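Encoded as structure tokens, the structure appears first; notes follow it.
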Amino acid sequence: MTADYKSLLNLPKTSFPMKGNLPVREPEMLASWEEAGLYEKLRASAADREKYILHDGPPYANGNIHMGTVLNKVLKDIIVKSKQMSGFNAVYVPGWDCHGLPIEHQVDKKLGDRRFEIDPVEKRRMCREYAEKFIDIQRGEFKRLGVFGDWENPYLTMSYDYEASTVRELARFMENGSVYLGLKPVHWAPGLRTALAEAEVEYEDVTTRSIYVRFPVADDQASEWEEKVPALKGLLKGRNPSILIWTTTPWTLPANLALAFHAGLEYGLYRHGDEILIFHEYFQPHLAQIEESETGGSKGFEKIASFKGGEIEGLKARHAWIDRDSLIVTADYVTLEQGTGVVHTAPGHGRDDYETGLQHGLEVYSPVDDDGKFTEEIEHFAGQFVFDADPHIIEFLRGSGGLFGVEDYEHPYPHDWRSHRPTIFRATPQWFISMDEGGLRQKSLDEIRKVRWIPPWGEERIYGMIENRPDWCISRQRSWGVPIVVFHCTACKHAVVDSKVVDHVADQMEERGADIWFEKEAAELLPPGFECPSCGENSFEKEMDILDVWFDSGVSQAAVIEKRSDLTWPADMYLEGSDQHRGWFHSSLLAAVGVRGAAPYREVLTHGYVVDGRGKKMSKSLGNAMSPDDVIKKYGAEILRLWVAGENYREDIRISQEILTRLAEAYRRVRNTCRFLLGNLHDYEDFDPGTDSVPLRERPEIDRLIVSRLDCLIERIKKAYADYDFHLVYHALNNFCAVDLSAFYLDVLKDRVYIALPGGRDRMAGMTTMHEILDVLLRLMAPILTFTAEEVYRHTPMAHGESIHLAAFPDTSAERRDPALEEKWEPLLRVRGEVLKALESTRQDQQGKGKGSSLNFQVRLFAGKGLFDKISPLADEMADVFIVSGASLAPEGEEPPSGAYRSEGVEGLAVEVSEAAGRKCAMSWKISEDVGSDPRFSDLSARCARIAAEKIS
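Structure, rendered in structure tokens:
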């Protein structure tokens, strides 16, 4: 093409760069938003709207963010931004969980041996500094992701006002009588010397040595058995009888106080050599195998009598080796799944055991210290760590004759979710909130049914957890946390559980924080003149346990949502990983229902875990971990945002270099589509909407068609945002840009907008349509492609407002939607796909000859009756739609030539492709027989010559 003709074309022109260079441009964008006070402007612009509150589940202020954190925070940001653009005032207050073991553990490592001597106040100061450091680090990392929020005023569980609110919430529980001190078995982490919450325990599969143990029935006890159960008369006394039990935790045997049978099951007396064994007959074959493995043979089992478990309740046997009795009890949890049908029961080391012990008045006995070692009262094993003692107990039983057999057994066992070390069940004095005193359990179950759970299975999951959970153990034996505000009378040991006293202390915490509990003496903290309500004395000691951190974060609905004037209670949404059904969703529900009688959220949405490209858990040890910072430095945060939106986050989400590369390609398609639109709107700044825009009804059908599809896109994407189906948003946007625009409309439009007169009606119609498309795309993509939508917006002619994020989602329009037009064009677009295949087939058949532009060809269509009637009204559009130099529709019934392309995808269609006749126009590149018909322009078609003449003049 000559330079003169090129200058006559309306070629795209824009300063918007093709290359995103996101790692460089995104920080510049962040700085400009901060300088402009964008978040404040968002709040001001929406001040009179209905509020939408997504309450931030506080991440732990420890370490850098990881891919799971990215997933969580970006999901929240997409929701907040989409709600803002849907007409709400979507306030987002980020928060941090600051107390607890992980931070204290890091400080302990730094202190070394000094940790045993350091003043608690000094240790707490170090913990606070550690948390502050990572709050600042994580705040920067979250902002780098493009997450909008009130970053200068976050909530911190260690802030003075929050700590005061925490103890005030404890006071409200005290008022309804549900807080009590009890001796109960709880999950205990020996290495940390503290109790753990249910939410801090994970079950991991382990293989342990399970054992079958004899509990003998002494002669005096045998007489009672025979007297109570007639079927046993004369069968026990003097015959060396034993009850056979099975356990996977040999270390709990020293604490055994009972043997549990099922009342309704039938048990047998079996002659076994020179002894009598008692167990359920179901296990006889397996016990024979166990004996053979242990001794090399089996003595066999001869059944001599049977009885129901309920018949022997209240009788006794002897402990396997300790000089005391074990009570015979019955329990419904005894099953025939594994063992012998008799369950060893240690009330100090198991939840079911404890409940059974309570029913029968048994001591809550736990001869294990804080370090997980046996106390001095346990002969032979005193001072041994319980797990280390297992093999010694087995050998001791083997030597004493108490062991029947041993087998390896794989089963889930509780582990500390941070250290991944096994925990123990151990009875210690702890503070609890009762689940049933005051009806907390039932009220919570009722509230669960009023909440929308997404996905729906979350409802039954948390319902089952609340329905079956024990009382809430709220005490921890650590330093870094909010103290349990209870005073103990030194005279009578009465524990003062008084809400008015707690509120008095809370007022002091409001000014100086929870550190005052560790700085001041009890007398300084108590109200003046306070006396023990039990004995009247006035000397007290402080409770030194701190609150469970799940209570800390669970009261955020009170300390933050209820307290802050820019928020409203309850929250519209809580959004976290699926593990939070046992964590934050759980504790927040109990904390809110216990005090306010209602759930703190209307909707709860959960996401899955981040895994590698093969679906495996990511970890540094496996070498498959991926750092968000590394990804951002290479691709930019926008690609991470696209990754979050592009996957079905309700399941586990995969990430790998291959996935990121694929997303980067998808991003480039969207960016290039926007760049093409911008380039063709470069002179739109001079566009007068009042005189230059072309009403939709006056535009060419193809413009009206794409606008109708655009309206469908608006409806589909707004619904997907409302349903939190962000992967549908991603796929709809990507498909519209790639298929509807790049591969169809914009491709067809090029000839019109490049060649037509700048102010001509045809070009103005195309520009009006492209501007509408770009405007809609930017607003629909803004919650996900936060940086790119803004960058394009700043390059858009006639952009209204400071930021795309201050705009609203576009509305659908009855005027734009034209189902009849879409139905009319649908057959031709299907035919278009087949024509493109025919053109490609012709190129290949010519072995290189004729390769290149489709404008080198012309096509003739042969259509059957039904198809002919559908596409003939659009015959004049065909050449432009197919992007060929000529297109015609053969008369109905005409047979296609033998060499024609016969479609398999469209019934009754054949396509004849041939080289176009004539010469190539130097402006349009179309081949036409009228090229040179205007003597002034020997290398232009008649159309282009006419346009060129007008442009030159």
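Okay, so the sequence shown: first residue is 21 according to my numbering, each after it adds one.
In this text, a Cβ means the ideal position worked out from N, Cα and C, and glycines have one as well.
On a predicted model such as this, the values are computed, not experimentally measured, just so you know.
Could you please give the first and the last residue of the uninterrupted beta strand (DSSP E) stretch that includes N109?
109 to 111
Taking the Cβ atom as the reference point for each residue, do L929 and L887 lie within a distance shorter than 9 Å?
yes
Under three-state DSSP, which class holds A936?
A936: coil per DSSP, three-state reduction.
Between which two residues does the alpha helix (DSSP H) harbouring I793 extend?
781 to 801
Say yes only if the C-beta of T268 is nearer than 8 Å to one or more non-hydrogen atoms of the ligand PLP, and no if none qualify.
In terms of ligand content, the structure shown is empty, and the ligand PLP therefore cannot be addressed.
Please identify the residue among T832, H747, Q677 whose C-alpha is closest to the C-alpha of V10.
In this structure the chain extends from 21 to 973, so residue 10 is not present and cannot be described.
Excluding five sequence neighbours on each side, which residues of the same chain lie with their C-beta closer than 6 Å to the C-beta of E623?
R472, M593
Leaving out five residues before and five after D672 in sequence, what residues of the same chain have Cβ atoms less than 8 Å from its Cβ?
G628, Y629, V630, V631, G635
Should R188 be labelled buried (16 or more other beta-carbon atoms within 10 Å of its own) or exposed?
Burial call: buried.
Compute the Euclidean distance between the alpha carbons of K163 and K143, then round it to the nearest angstrom.
Between the alpha carbons of K163 and K143 lies a gap of roughly 30 Å.
Quick one: Cα of P94 to Cα of L697, how far?
The sequence as given places Val at residue 94; Pro does not occur at that position. Near 28 Å, if we compare the C-alpha coordinates of L697 and V94.
To the nearest angstrom, how far is it from the Cα of R695 to the Cα of C757?
12 Å
Count the C-beta pairs between the segment 28 to 40 and the segment 79 to 98 that are closer than 8 Å, then say yes if the count reaches three, no if not.
Contact between the segment 28 to 40 and the segment 79 to 98 is absent, because fewer than three Cβ pairs lie under 8 Å.
Could you check whether P210 and V384 sit closer than 9 Å to each other, using their CB atoms as the reference points?
no
With distance defined between alpha-carbon atoms, name the residue in R724, T693, N558 nearest to K837.
For the sequence presented, residue 837 should be read as Arg rather than Lys. That would be R724, whose Cα lies nearest to the Cα of R837.
Short of 8 Å in beta carbon distance, which residues of its chain neighbour E544, apart from the five on each side in sequence? Order them along the chain.
none
Taking a contact to mean a Cβ-Cβ separation below 9 Å, would you say L74 touches V100 in this structure?
yes
How long is the line joining the alpha carbons of L335 and A242, rounded to whole angstroms?
Take the alpha-carbon of L335 and the one of A242: they are about 9 Å apart.
Indicate whether A66 and F108 have their beta-carbon atoms separated by less than 9 Å.
yes
Within a Cβ cutoff of 6 Å, which residues of the same chain sit near G884, ignoring the five residues on either side of it in sequence?
Within the same chain, Cβ atoms closer than 6 Å to the Cβ of G884 are found at G928, the five residues on either side in sequence being excluded.
In the DSSP assignment, find the beta strand (DSSP E) that holds W437 and state where it starts and stops.
Unbroken run through W437: none, as it is neither H nor E.
Exposed or buried, what is F401 when buried is set at 16 or more other beta-carbons lying within 10 Å of its beta-carbon?
buried
Enumerate, from N- to C-terminal direction, the unbroken alpha helix (DSSP H) stretches of 4 or more residues contained entirely within the segment 45 to 108.
58 to 65, 87 to 105
Which residues mark the beginning and the end of the alpha helix (DSSP H) in which S420 is found?
406 to 420
Which whole-angstrom value is the C-beta distance of E563 and V525, which I expect to be below 8 Å?
Incorrect: roughly 11 Å between the Cβ atoms, too far for contact.
What three-state label does DSSP hand S358 in the structure shown?
Reading off the sequence shown, one finds Gln at residue 358, where the question assumed Ser. Q358: coil per DSSP, three-state reduction.
Counting pairs of Cβ atoms below 8 Å between the segment 421 to 429 and the segment 307 to 322, do you hit three or more?
yes
Using the Cα positions of A742 and V580, report the straight-line distance between them to the nearest angstrom.
26 Å
Do you know whose CA, among G779, M790, R781, G780, lies nearest L766's CA?
M790
Give me the Cα-Cα distance between S961 and A969, rounded to the nearest whole angstrom.
12 Å
Return yes when the Cβ of H440 is within less than 9 Å of the Cβ of E246, no when it is not.
no
With H, G and I counted as helix, E and B as strand and the rest as coil, what does DSSP make of Y175?
The answer is strand: DSSP assigns Y175 an E or B state.
Which of the three DSSP states is assigned to G870 in this structure?
Any answer about G870 is weak, because its pLDDT of 48 lies below 50 and its placement is not dependable; what the coordinates show is given next. Three-state result, G870: coil.
Do three or more CB pairs link the segment 475 to 492 to the segment 258 to 275 at distances below 8 Å?
Three or more beta-carbon pairs separated by less than 8 Å are not found between the segment 475 to 492 and the segment 258 to 275, which leaves the two stretches without contact.
Quick one: what's got a C-beta closer than 8 Å to A591's C-beta in the same chain, skipping five residues either side?
I73, L74, H75, Q577, I581, P620, Y621, R622
Among F136, Y180, S519, whose alpha-carbon lies nearest the alpha-carbon of D535?
Y180
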